[in-house]
Amino acid sequence: MLQKTPRILCQFGMSSLVLLSIATSVVRADSCAPYEKLSRFIQEKVLPSSGSTLEQRAEELRQIPTIIAEISQSIYENYRLGRGLPISAENCLPSGYSDRIQHNIAAVFFHESIREMNESKSQTARSIAKLLLKKEQAGAFIPFTLTGHWKTLDRPLERSTSDQSPLETSSAGFHRAQAAVFANIAMIPHSDWLLVFAHEMIHVIDEQIHANLSIVANPDLARTVAQIANSKASINELTQDERLTCERFLVSALNRGFLAELRAWWLVRQIYHELHLPPIFWLEHLYAEGTPNKSTEARFVQALSERFPTSLTGLFGLPIIQALDANHRSNWIKYPRRVPWGSLKPLVKKL
Ligand SMILES: [Zn+2]
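Here the sequence shown is numbered in the numbering used here, starting from 52 and rising by one per residue.
Here it is as structure tokens:
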């Protein structure tokens with residue numbers, strides 16, 4: 052069963068530990084096959100032992116980026132077709148070249164995934180891809196790394212099982228402060244890749260996450276909220292100004308937590324439907340949650356709200372803030388259109 056606790060990690064942290072603890076590294080004889088062309092080229096043409104002159108070697112070196120690009124592209128294509136992943140290049144190539152190819156593979160995964168989204172049948176995916184491309188064209192750098200698979204598994208998950216959502220096994224994530232994305236493709240079935248990638252990219256283009264940081268991190272506001280929340284026994288005792296101050300703080304935090312997840316999952320659900328993908332168990336399971344006699348939208352907001360409860364630590368643990376939090380959540384469950392969709396609103400459709 053999927054757990055109700057919010058294990059969908061969109062923060063850096065546990066991924067490599069989790070993976071290392073479950074992984075067994077078995078280097079098969081053919082594991083280096085994808086890198087063979089580059090390995091042979093280096094041995095025969097580039098290394099001092101190849102017998103080439105310095106000038107010849109310099110000339111040959113210029114061909115390496117093309118070979119690396121070809122290998123990266125074929126690794127991506129094979130993964131997307133469900134043909135598996137190679138082991139880390141560092142087991143197969145002289146030092147220095149493995150780092151280079153790993154960076155290149157991450158770049159190919161990033162750009163090819165955006166291209167796939169942009170060319171897909173899903174209008175939502177296409178809109179997200181266009182926003183990402185626009186961001187890049189405006190000079191924004193989106194840090195994207197592939198983690199884990201190089202040193203551990205030599206094959207990816209074939210498919211999701213009942214209790215393995217790629218987004219609940221910390222196999223991908225978005226770092227809220229650095230706006231950086233990581234993905235461990237060895238943990239993500241190829242069939243789920245585009246949805247997992249899209250989920251993290253939605254966080255990248257979700258301006259509410261970034262715009263609310265300065266409010267949540269404002270120490271003066273936090274102090275005022277603490278004074279108010281500690282001096283009142285119930286929300287009925289709050290003046291209108293006090294209530295607005297507390298709500299501003301709370302909703303800003305929710306915009307970076309629960310609401311960010313709700314927005315991302317809502318759009319992922321749209322993409323899933325628009326792509327007409329074969330049923331993905333962990334998504335279907337999530338979509339079946341919530342009180343049955345509610346609308347699809349209300350049930351979905353309820354399911355996400357239960358998965359992403361507000362933390363009970365610090366100010367959020369104060370009864371006044373908890374009561375306001377419960378009010379807001381039940382209001383959004385009742386009226387999903389009142390969810391602050393922010394910059395993503397033009398993409399949001401009825402579920
Ligand atoms: Zn997320």
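Using N, Cα and C, we set each Cβ at its ideal position, and we do this for glycine too. Since the structure is predicted, the reported quantities are computational estimates derived from the model, not experimental observations.
Note: valine 232 is bridge-paired with Phe195, Phe225 in the DSSP secondary-structure output. DSSP places serine 381 in the helix class (H, G or I) of the three-state scheme.
Boundaries for tryptophan 392: no alpha helix (DSSP H) harbours it, and the DSSP string shows neither H nor E there.
The criterion of a C-beta distance shorter than 8 Å is not satisfied by tryptophan 317 and phenylalanine 359. Ligand 1 approaches phenylalanine 225 closely enough that one of its heavy atoms is under 7 Å from the residue's Cβ. Taking isoleucine 179 as reference, the option from Leu144, Val302, Arg314 with the minimal CA-CA separation is Arg314. Scanning Pro270, Lys88, Gln373, Ala230 for the CA closest to the CA of glutamate 121 turns up Lys88.
Assignment of alpha helix (DSSP H) within the segment 248-327, counting only whole runs of 4 or more residues, yields 258-262, 264-267, 270-282, 291-307, 309-326 in chain order. In this chain, histidine 241 is not harboured by any alpha helix (DSSP H), its DSSP state being neither H nor E. In this structure, the alpha-carbon of cysteine 143 lies about 8 Å from that of serine 149.
Excluding the 5 residues flanking it on each side, serine 171 has same chain C-beta neighbours closer than 7 Å at Arg177, Leu326, in chain order. By the criterion of a C-beta distance shorter than 6 Å, valine 390 is surrounded in its chain by Trp383, once the five residues flanking it on both sides are discounted.
Apart from the 5 residues on each side of it in sequence, phenylalanine 300 sits with its Cβ closer than 6 Å to the Cβ of Leu272, Val276 in its chain, given in chain order. Here proline 194 is near glutamine 229, since their CB atoms are less than 8 Å apart.
DSSP places arginine 388 in the helix class (H, G or I) of the three-state scheme. The Cβ-Cβ distance between leucine 245 and glutamate 167 falls below 8 Å.
Distance between glutamine 114 and leucine 402, taken at the CA atoms: about 50 Å. Remark: C-beta atoms of histidine 254 and alanine 311 approach each other more closely than 8 Å.
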